[in-house]
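Below is one structure; the comments refer to it alone.
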Amino acid sequence: MAEAITIHKSQGRSESKIVIDVRNPSKIKNHMDRQKWYVALSRARSLNGLYILGAFKPPNEIKPDDDVNAEMNRLRQNPLVPKYQFLRVVPENVIQIVSHNTQSIRKHITTIVSDQVFSSSHIVTLQESWAIDNESYNIPDFEEISRNRLMGRPRAFGTMNFCKLNIEARIVDRIEIEKDNSNNHVEISGFKLDNRLTIINVYNNPSSSLELLKETLLEVKDYIDESENILILGDFNHELKLGNQLESFMLGTFGTSLFSRRESTTNTRTVIDGVFGRIDDYNVEVFIYESYASHHKPLVIRVHEL
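By this note's numbering, the letter at position 140 of the sequence shown is numbered 130, and the numbering carries on one by one without gaps.
Written out as structure tokens, the structure is:
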């Protein structure tokens, strides 16, 4: 059984056998341009299933000044550059850090491992890890530095820190702090880099009060000197809008300023992930990156050594 249809109607279809009738040269010449030939010839699933009745005469070649040629030349001269490609190549004098509420490393480890911005960075700090004490997580070329210890079943809890193997020897003084009051809890972990820069990773549960967060952050003071460089980053779960109470507390307690931009860091357009810092020996840049696995956007911090 066979059916006859126009080329226009055949668009989108695939057939095991196709017969194209070109036995009326005048009709073909007047009505068949390159685009129609492409549609007609590409309906067959294989060359063995393509049959042509009559003498096939290829259409004229595309002229050098044709619109298609002009567009192809434009595309070659102006190749598409991915928006975040620059974060995949880290300059020699820069330490690159990723801070991300990953909403479960257990669930999203493959996304982390395959992300070129994460793998190009020196340090990866995660919040809401859902990691439990007896589980390990392998990120190629990275070593786990510190984490909050969760016993029992996984839940929305905890922070984790990883560093590239080639800078592991520069990591000292691991930090792990937890405050748990029923469903309200705050977790902090961190470390020192070269005894020059302390990095503090914070996860504040959405149910926790600002007072519990402040109380937990105060314990960080036991690990740092007043004169050293410090970055305090993570998911604070409090809006970091201009004049917010947390920012005032951080300035008064640690002498830190907000380095990250007051721009949305979540799919619901809240500004709750941030980077605070007190830096004398480095220049710091913070970029908002993208995540397709988490409700939160990663923050990429570049610490330029002076």
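The beta carbon of each residue, even a glycine, is placed where N, CA and C say it ideally should be.
A quick note: this is a predicted structure, and the numbers were derived from the prediction, not measured.
#1: Verify whether the separation of the beta carbon atoms of residue 276 and residue 226 is less than 9 angstroms.
#2: Inspect the CB distances between the stretch 64 to 74 and the stretch 89 to 97 and report whether three or more fall short of 8 angstroms.
#3: Beta strand (DSSP E) containing residue 267: first to last residue?
#4: If residue 131 and residue 155 are in contact, beta carbons under 8 angstroms, what's the gap, nearest whole angstrom?
#5: Between residue 114 and residue 75, what straight-line distance do the alpha-carbon atoms span, to the nearest angstrom?
#6: Leaving out five residues before and five after residue 184 in sequence, what residues of the same chain have Cβ atoms less than 7 angstroms from its Cβ?
#7: How would you call residue 246, buried or exposed, if buried means at least 16 neighbouring beta carbons within 10 angstroms?
#8: Locate the alpha helix (DSSP H) running through residue 57, then write down its first and last residues.
#9: Between which two residues does the alpha helix (DSSP H) harbouring residue 237 extend?
#10: Check whether the stretch 51 to 63 and the stretch 243 to 257 touch, using three or more Cβ-Cβ pairs below 8 angstroms as the test.
#11: For residue 266 and residue 214, which I take to be in contact (beta-carbon distance under 8 angstroms), what is that distance rounded to the nearest angstrom?
#12: Could you check which residue in 203, 34 and 16 has the C-alpha nearest to that of residue 10?
The relevant details are as follows:
#1: One thing to note: residue 276 has its Cβ no nearer than 9 angstroms to the Cβ of residue 226.
#2: They do not touch, by the three-pair rule.
#3: Where residue 267 is concerned, the enclosing beta strand (DSSP E) stretches over 263 to 268.
#4: Confirmed, Cβ separation roughly 6 angstroms.
#5: Roughly 18 angstroms between the two C-alpha positions.
#6: Counting only Cβ-Cβ distances below 7 angstroms, and skipping sequence neighbours, we find 160.
#7: Per the 10 Å Cβ criterion, buried.
#8: Where residue 57 is concerned, the enclosing alpha helix (DSSP H) stretches over 57 to 67.
#9: Secondary structure note for residue 237: its alpha helix (DSSP H) is the uninterrupted segment 235 to 244.
#10: In this structure the stretch 51 to 63 does not lie against the stretch 243 to 257, because fewer than three pairs of beta carbons, one per stretch, are closer than 8 angstroms.
#11: The beta-carbon separation of residue 266 and residue 214, rounded to 13 angstroms, does not stay under the 8 angstroms limit for a contact.
#12: The residue from 203, 34 and 16 with its alpha-carbon nearest to that of residue 10 is 34.
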